[in-house]
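Worksheet for the structure shown next.
Chains as they are written, first to last, in UniProt numbering: chain A, 1 to 231; chain B, 1 to 231; chain C, 1 to 231; chain D, 1 to 231.
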């Protein structure tokens, strides 16, 4: 079942430790098959050395396991909610990568301070609020998804233009058209959080990038007038 | 004598440089055999390249060498006191890992600022006081153990729920049910100290994690209602 | 056409990830043939693993492609302007290396705080201003080149004595007599930005290097009285 | 001539990039033969990949080349002065390692804030003053040696108890009984500078280590009552 997508998800999970985004098993990647309304996700707490593509778990958009002998990632209900509500995304990544996590713990949006940011994120990356105790009781992982979705609705953000979020006191989620793109966006978000940290320490009055430069950099890589790369 | 445990302790010691927790020989791991009231510990100041499982030293809970041709780690009396008083722990790690050591030198408890912390430590990791000059004279390494034990008694902490401590002006000790778990806890403590450092620099008013989220994350991985992993 | 220079440019591009200056394809190196008024540059957005010397693109000083089946780096017009105006330089590097980018985002010149700086840069490395919205509209990459050239004219700087610049809100450009030297200057600039960051955090009153020590270190490595190395 | 010592110096130089203390050729190691009053030092500006033990240069205590086909390190006169005045040292290391260099640029002594420091340095590591312009003119590298020697005399420091120094605006020198020990001391100094940086940022009121703990840690590793290791 969905063998090709399982392989993609498996390989994308292996990218996380290679890119220095995770230690041990502190992360997970998934990818969706939109035609079948199913997604593939990493099993929970399995050593990366022992894991194979066959260990990947197939779930539906309610987070139910459809196929797989192992428990899916404990964050599966969050992925399910995001696939349901963000209808154009194809892959999702969750890590506790250090720099994005530091900003998440600080409860701060990541401002667009440079073109490294603007090449991938079309504006600040929002930090979503703490869940309430009622939400935690009702279903921590599922409500985490709802808080993300509501944050994007409130800020009127397009999830493909701002393909990531921080969760206050927790860590980042990123996404993209594919699992691979979601991983790359996780790398960019962590790098941008690092650079912005040092920028702010150097100069607490440092300005955000002017809107017309943000536009220029984002749009030279994305959308119909893009001219970056070989397309 | 205790050949299997020697191998475990040997391999766990090799993990320290692999995980970036130590330089040269600045660390030590031990593990206990509760039935015999003996523990195995690394020899003192031996190059990791030259060391073998056979070089591990067997000690009793008074810190006496029971078997072994080399001197045990100079921190052996600290390990002995911890095994005697923390009756459920199986392995102990001491390193001068950089981030935990920075917090130890700063004399600060490590606050629970995020879920990375909450997944392993059920609340702040305490920083124990400097030894007095009388304690240093009486027996530096043994009294270090007593200061740790007293710190946990005063804070009414369960050593398995908060499996680590900082020593003011010195560095961390961590422990766990096994030597391997103690190493993993040393990795987590250093990572958390790093993330919390950056969090505080970004936002000196950053809040600690709400108690109900701390509960949720710790208890989804530990105790009878845990649902993380494949158990 | 210019096969030897293509090979040099290809190898110099591969140095960027090796030296930790870039992630993915976020950088580019070029080198010039002054006799033909042509330069060779990396293609845009091509994976470093898949790239070959043959993929390098030949351009003239207006940024037109003279030979090559792939699109050149989107920053090609900046390189073209620099080769046209800085008549003694032989190679150019652009990266988003983290430390230099942090200073660029902070909008700060890099002061000469130590001899590591003085061995390569004969005085502060300037941070050029944001482009105006008119300049961005007129041609972002070409105008970036003009802003660099004007910054050097205003500060009366010799591009070979100060072989690099920061662009506010963006990242560094460095150059040198060859592509290899330009890469080495990119490494030095990033290292100096890192050291100066920590220096300033340690002591916000830290002094710049006295002029006579700056002279001594720069001139023992550069110019007719140099005595460093084997020349 | 002194083939065994050349091999030692060669290998100790190779340790510098392995330990992350230098980039390119920014460092040098030497070792002395006290009976012949000669020392061996790395040649100036030679690539580490191309260098062999045979390329090492033999010098006397005035810095004259006694044997060797290459120019010695440009810092040779500094080494010569140190061997002449610090009569018990056997090896010297100079690097621009990032953390020690940051403290040197900040012009600050490195305080003894923890036991990592106390295990190697018996008290603060001093930062020597800038050279005057007269000293630079008279002979920059030789006068650098004199400033180090005078700093130790003024502070009444034993060079084997405090085996290193920072030079304001420049970088560290370390030394030891052998070239290998001097390299290890360079690693410790950089690590301590890193830890102390983070300690100070966490808590600007952080105390230095009490004298009796400094004594305890230094003396358990050094001197007649040492009990660390296998001696």
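All C-beta atoms, glycine included, are put in the ideal place defined by N, C-alpha and C.
Just so we're clear, the structure is a prediction, and the values are computed from it rather than from any experiment.
For residue i and residue j, what's the separation of their Cα atoms in angstroms?
i                      : j                      : result
residue 90 of chain A  : residue 45 of chain C  : 22 angstroms
residue 227 of chain A : residue 218 of chain A : 11 angstroms
residue 12 of chain A  : residue 214 of chain C : 49 angstroms
residue 58 of chain D  : residue 1 of chain D   : 8 angstroms
residue 230 of chain B : residue 10 of chain A  : 18 angstroms
residue 19 of chain B  : residue 205 of chain B : 31 angstroms
residue 76 of chain D  : residue 165 of chain C : 33 angstroms
residue 201 of chain B : residue 97 of chain A  : 17 angstroms
residue 221 of chain C : residue 71 of chain D  : 14 angstroms
residue 199 of chain B : residue 105 of chain C : 20 angstroms
residue 4 of chain C   : residue 23 of chain D  : 27 angstroms
residue 117 of chain B : residue 188 of chain B : 7 angstroms
residue 191 of chain B : residue 171 of chain D : 29 angstroms
residue 138 of chain A : residue 110 of chain B : 30 angstroms
residue 35 of chain C  : residue 87 of chain C  : 12 angstroms
residue 25 of chain A  : residue 17 of chain D  : 32 angstroms
residue 135 of chain B : residue 21 of chain C  : 50 angstroms
residue 128 of chain C : residue 193 of chain B : 37 angstroms
residue 160 of chain A : residue 66 of chain A  : 27 angstroms
residue 132 of chain B : residue 143 of chain B : 10 angstroms
residue 69 of chain B  : residue 47 of chain A  : 36 angstroms
residue 181 of chain C : residue 15 of chain C  : 11 angstroms
residue 112 of chain D : residue 124 of chain A : 42 angstroms
residue 37 of chain D  : residue 73 of chain D  : 18 angstroms
What is the DSSP secondary structure of residue i, counted as helix, strand or coil?
i                      : result
residue 164 of chain B : strand
residue 38 of chain A  : strand
residue 28 of chain B  : strand
residue 12 of chain A  : helix
residue 111 of chain C : coil
residue 207 of chain C : coil
residue 33 of chain C  : strand
residue 126 of chain C : coil
residue 22 of chain B  : coil
residue 63 of chain C  : coil
residue 132 of chain A : coil
residue 197 of chain B : helix
residue 159 of chain A : coil
residue 223 of chain C : coil
residue 217 of chain D : helix
residue 91 of chain D  : strand
residue 152 of chain B : helix
residue 145 of chain C : helix
Thinking residue i and residue j are a contact (beta carbons under 8 angstroms), I'd like their distance in whole angstroms, please.
i                      : j                      : result
residue 169 of chain D : residue 130 of chain D : 6 angstroms
residue 195 of chain B : residue 102 of chain A : 5 angstroms
residue 186 of chain D : residue 178 of chain D : With a Cβ gap of about 13 angstroms, residue 186 of chain D and residue 178 of chain D do not count as contacting.
residue 151 of chain D : residue 126 of chain D : 5 angstroms
residue 85 of chain B  : residue 149 of chain B : 4 angstroms
residue 162 of chain B : residue 121 of chain B : 5 angstroms
residue 29 of chain C  : residue 93 of chain C  : 5 angstroms
residue 140 of chain B : residue 224 of chain D : About 18 angstroms separates the two Cβ atoms, so there is no contact after all.
residue 32 of chain D  : residue 83 of chain D  : 5 angstroms
residue 203 of chain C : residue 107 of chain D : 7 angstroms
residue 50 of chain B  : residue 7 of chain B   : With a Cβ gap of about 17 angstroms, residue 50 of chain B and residue 7 of chain B do not count as contacting.
residue 78 of chain C  : residue 145 of chain C : 4 angstroms
Below 9 angstroms on C-beta distance, what does residue i contact in chain C?
i                      : result
residue 46 of chain D  : 229 and 230
residue 140 of chain D : 213, 216, 217 and 220
Give the interface partners of residue i over in chain C, defined as CB-CB distance under 7 angstroms, in chain order.
i                      : result
residue 212 of chain A : 133 and 136
Mind pulling the chain A residues with CB within less than 7 angstroms of residue i?
i                     : result
residue 70 of chain C : 230
Find the residues of chain D that neighbour residue i, judging by a C-beta separation of less than 7 angstroms, and give them in chain order.
i                      : result
residue 101 of chain B : 114, 116 and 195
residue 201 of chain C : 201
Who are the neighbours of residue i on chain B, taking C-beta pairs under 7 angstroms?
i                      : result
residue 205 of chain A : Chain B residues near residue 205 of chain A: none, gap ~16 angstroms exceeds 7 angstroms.
Three CB pairs or more closer than 8 angstroms across the segment 154-162 of chain C and the segment 58-76 of chain D: Touching, no, given that fewer than three Cβ pairs across the two stretches are closer than 8 angstroms.
Three or more C-beta pairs below 8 angstroms linking the segment 204-211 of chain D and the segment 33-42 of chain D: Too few Cβ pairs lie closer than 8 angstroms, so no.
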